[in-house]
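Working notes, beginning with the structure itself.
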Amino acid sequence: MTTNTLTNLIPDLYAALDVVSRELVGMIPAVTVDASVNRAAVNESVRVPIAPDNTAGADITPAMSIPAEADQTIGNAEIKITKSRAFPFSWSGEEQRGLNNGPGYLGIRANQIAQAMRAAVNEVETDLCALHAVMSRAAGAAGTTPFATNTSALTSARKILVDNGAPVNDASLVLDTTAGAALRTLLNVNSARDESKLPITQQGVITRISDLNIRESGQVVTSTSGTGANVKTNTAGYAVGATTITLKSTGGTGTVVAGDVITFAGDTNQYVVTTGDADISNGGTIVLAAPGLRKAIAASETAITIVAAAARSMAFARSAIVLATRLPERPAEGDNALDVMTITDPRSGLSFEVAIYGGYRKIRYEIALAWGVKCIKPEHTALLLG
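Residues 271 to 656 (the numbering used here) make up the sequence shown, in order.
Structure, rendered in structure tokens:
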């Protein structure tokens with residue numbers, strides 16, 4: 271096996287990437303790809319420091335002595351590369367010979383690599399879309415596709431971001447394809463353009479409205495809501511900013527699950543539950559995504575409503591979500607790979623390792639990637655229901 275086996279494949283592979291079916295990729299180009307996490311082994315933590323809110327404002331009083339120190343506790347978010355995945359396929363010599371008497375082996379091999387890359391990209395995109403369960407608050411209405419008549423749903427999602435102090439100079443709204451179709455119809459957007467000439471961060475952008483890059487993804491989640499009924503808070507009362515809410519110990523049934531969107535009686539905000547309760551019949555607690563309550567809950571039983579299942583389009587500042595990605599590691603001494611090279615997917619911008627392994631009258635190909643995802647700043651995110 272010569273060392274340029276895979277190098278000779280590149281033209282056929284990129285041709286195949288243009289032909290093989292590809293789902294829309296909106297999350298990957300919109301998030302932060304953090305190279306500082308690349309040094310971590312699988313499941314090894316890298317901590318990203320996060321400065322706390324500064325609420326220590328004080329009057330200035332002239333004096334001959336320096337005021338007391340103003341120490342702060344610096345928080346952090348933990349990021350891990352949690353997956354190291356290979357997407358393989360194999361060929362025997364007899365199989366290759368048979369195909370070369372017909373359509374030809376090389377073209378099919380290129381398509382197989384493109385399909386493996388497609389599967390890997392979709393899995394990364396799915397992991398990013400799963401972060402809907404830790405996002406700040408939600409705009410829009412479950413069961414109602416946004417943009418039927420106007421873009422008010424978009425501005426409502428943006429309002430959550432700016433109310434939370436999120437930077438919107440590099441923010442995106444990633445829509446499910448139904449909402450994307452409605453917006454294209456409303457704005458009469460023509461998407462015919464050469465994406466290859468755009469920087470990867472701008473590929474897949476439908477348009478830009480109210481500071482948000484509007485993108486689409488084929489992996490946006492349609493949620494499954496908890497079954498909770500007659501859910502109420504206890505009588506403790508909760509201040510603005512509270513995130514842990516204790517439930518009434520009697521009367522409720524069913525579940526409140528992570529990712530549920532809920533409302534409290536007298537408060538129109540739609541909050542995202544990051545930690546649910548599998549059985550609320552005996553009370554328990556739920557945890558809301560940061561920054562928590564926007565309106566205080568009085569010291570009395572307050573009804574909680576679980577919003578119905580809905581598509582979860584996602585709005586966020588780029589810096590709020592991190593995608594850590596690298597090629598899987600090999601032993602320092604090497605392994606049995608006959609040839610290894612790196613290929614970058616033009617649709618997502620992700621770089622994959624393509625390797626070929628020799629067996630007994632058989633060849634195994636692998637397309638491999640290691641990655642992890644994390645929402646490090648929930649305050650700078652929002653959902654748009656549909």
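Note that the Cβ used here is the ideal one computed from N, Cα and C, for glycine as well.
It is roughly 10 Å from the alpha-carbon of glutamate 486 to the alpha-carbon of serine 442. Secondary structure at glutamate 393: helix, using DSSP grouped into helix, strand and coil.
The stretch 513 to 528 makes contact with the stretch 549 to 569; the number of CB pairs closer than 8 Å reaches 3 or more. In the DSSP assignment, arginine 582 forms a beta bridge with Leu655. Contact between threonine 513 and alanine 579 fails: their C-beta atoms lie close to 24 Å from each other, not under 8 Å. If you draw a 10 Å sphere on the C-beta of aspartate 605, you find fewer than 16 other C-beta atoms in it, and that means exposed. Positions of the beta strand (DSSP E) runs, each at least 3 residues long and wholly inside the stretch 342 to 418, are given as 345 to 350, 353 to 362, 407 to 409 in order along the chain. In the DSSP assignment, lysine 644 falls within the unbroken beta strand (DSSP E) covering 632 to 645.
No alpha helix (DSSP H) of 4 residues or more sits fully in the stretch 501 to 560.
Comparing alpha carbon positions, the residue from Val557, Asn370, Leu287 closest to alanine 403 is Val557.
Rounded to whole angstroms, alanine 569 and valine 303 show a C-alpha spacing of 44 Å.
Rounded to whole angstroms, the Cβ separation of cysteine 399 and glutamine 540 is 19 Å, and the two are not in contact under 8 Å. Between the alpha carbons of isoleucine 567 and glycine 507 lies a gap of roughly 5 Å. The beta carbon of asparagine 313 sits closer than 8 Å to those of Lys350, Ile351, Thr352, all from its chain and outside the five residues before and after it, given in chain order. Beyond the five residues adjoining it in sequence on each side, glutamine 385 comes within less than 7 Å, by CB distance, of Val290 in the same chain, given in chain order. In this structure, proline 561 lies near glycine 511, with their beta-carbon atoms less than 8 Å apart. Listed in chain order, the non-local C-beta contacts of serine 618 below 6 Å within the same chain comprise Val295, Ile298, Val391, local neighbours out to five positions each way being set aside.
Taking glycine 642 as reference, the option from Asp341, Gly435, Thr396 with the minimal CA-CA separation is Thr396. Residue range 475 to 479 is occupied by the beta strand (DSSP E) that includes arginine 478, with no alpha helix (DSSP H) assigned at that position. If you look at aspartate 605, you'll find it isn't in any beta strand (DSSP E); DSSP assigns it neither H nor E.
For the pair histidine 650 and asparagine 483, the CB atoms are not nearer than the 8 Å cut-off. Ranked by Cα distance from threonine 505, the first of Gly498, Ile515, Gly496 is Ile515. Beta-carbon to beta-carbon, alanine 640 and alanine 585 are separated by about 28 Å, too far to satisfy the 8 Å threshold.
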